[in-house]
Each structure stands twice: as C-alpha cells, then as structure tokens.
C-alpha cells in the first residue's frame, strides 16, 4: 500500500471517528468533573483532563468535528471560487485574463493569517462564517492552476469542435474543459483542506477563531498554553492531531499530484 493510500485510510478513519463521536461517547465534551481536575493520562482518562476536569480525549474527538469541518468546507469554498476565477481567466484570455490574474497576484501578496485575524477580531465569527472567511482567502492557488489547465486545453481539437458545434461557454467549461483539468484542481483542493485546518487552528490559538465552549484543536491549544510546563498533555494531544492530519493531507496531495502528472488527458 502506497503512502498516499495509507494517508487516505488514516484520514477516513479520523473523519469516521469524528462523525461517530456523539454515538460512541456518551459524555458531553463540556462535562466537568472537578474531583479529577488536571489528571494525567490514565486508563480512565486516556488523554488526561483539563483544569475543569473535562475529558481531553472526548474534547479532541469533538474538536475534530469542528476543525475537520472548517478544513473540508473552506476547501470547497476556495475550490469553487478558484475554479470560477481560473476558468473565466483561461477561457476568456486577453484583458479579462490580465485583470483577473493581477487581482489574484494582489490577493496572494496579502498575508492571509493577518487578514483573517483582523476580520475575526471585528466579526467574532461563528463556525459557518469562519468557513467562508478561510475559504475566501484560499482560492488563489486553485485559480492559477485552473487558468493554466484551461490555457493548455482551449486550443485542443475537442474544445474547438465543441465551439464549432455551438456549445455555450458554460457547457464548454462544465462538459469539456473542467473534466480534463480535474486532476490538478483536485490536488489543489485537497491541499487546501490542510491549509484550512492550520488556519483555523492558528486563529483559535490566538483567541479569535472558534470560541469556547465549542471545542476545536486550535482553541484547546490556546487554553493549554499557560500550563504547558505542568500539564503538557493538554497541548500534546491536540497538537499531535493537527500535525498528523496535516501530514496525512500533504502526503495524499503528493500522491494525487503524481497520479495527475502520470495520467494522460482524455480527449
């Protein structure tokens, strides 16, 4: 089994655990047990407990629901925006292409974390709004990849034949060009999932992302930063999940990228 397949299996297992968390764990993530505050990892509490006696394993799994949802949904938002901009740029060419690519370059020049921190500090967003914000700063890579793919496809024989038969621009994009450009776009969208998870974690770590009592990996790290020297498990397990998930997504993206480069385009 290749590394990409192992990464895909690990991600599917993590997603399954996150989805099934309310079914297999009867204790709410915010249930407090003050008699067992700051307990180290044990058989009773696999990942230990926090300053309020809340079970860290439960909170990590429920936090995965939020962090993975933000990563996956923001990647879909970024993918949709990037495909729209890249398709319009690559298909139209000329002045439209120049304007859209200059806008893309300008968006790439702005540090997205700082922009998100400023927006979140003002808006104090809910999880759905956070998805839109993270997705709204992550479309540029997909736009450039889509544009490059469309530029290489628009003079191909099957595209010219579709134009000659009277296909509308929308049909030309959806039925002929986008399916043949799907490989690199899927890779870019996959990598955007990991970027979304890291951005959500960073925002929550700085206290402007997902707000307590809702658990996410980022705000668990934020809450643990003052006790890292005395209760390291409070930061260790959320950090490990962030790290492992990001590595798995990047390995999967590398595998998909290799497959996309080695697969010939269909006519």
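Residue numbers (the numbering used here): 9 to 275.
Built from N, CA and C at the ideal position, the CB exists for glycine as well.
Just so we're clear, the structure is a prediction, and the values are computed from it rather than from any experiment.
Check: As assigned by DSSP and simplified to three states, the class of residue 57; Outcome: strand
Check: Reduced DSSP category for residue 163 - H, G, I as helix; E, B as strand; rest coil; Outcome: coil
Check: Nearest candidate by alpha-carbon position, reference residue 115, set 246, 148, 137; Outcome: 148
Check: Local conformation of residue 113 per DSSP, three classes; Outcome: helix
Check: Integer-rounded CB distance, given that residue 227 should sit under 8 angstroms from residue 218; Outcome: 5 angstroms
Check: The stretch 86-93 contacting the stretch 190-203, beta-carbon criterion three pairs below 8 angstroms; Outcome: yes
Check: Three-state secondary structure assigned by DSSP to residue 63; Outcome: strand
Check: Rounded Cβ spacing between residue 162 and residue 98 (contact assumed at less than 8 angstroms); Outcome: 7 angstroms
Check: Contacting residues, own chain, Cβ-Cβ under 8 angstroms from residue 10 (five flanking each side not counted); Outcome: 263
Check: Environment of residue 42 [buried if 16+ CB atoms lie within 10 Å]; Outcome: exposed
Check: Supposed close pair residue 66, residue 33 - CB separation, criterion 8 angstroms; Outcome: 5 angstroms
Check: Spatial neighbours of residue 1 in its chain, beta-carbon cut-off 6 angstroms, leaving aside the 5 residues before and after; Outcome: An answer regarding residue 1 cannot be provided, because it is not within the stretch 9 to 275 covered by the chain.
Check: Closest residue to residue 181 among 251, 144, 95, 103 (Cα-Cα distance); Outcome: 95
Check: Where residue 63 falls, given that 16 or more other Cβ within 10 Å makes a residue buried; Outcome: buried
Check: Backbone secondary structure at residue 152 - three-state DSSP; Outcome: helix
Check: Beta carbon of residue 202 nearer than 8 angstroms to that of residue 257; Outcome: yes
Check: Residue 249 - DSSP class collapsed to helix/strand/coil; Outcome: helix
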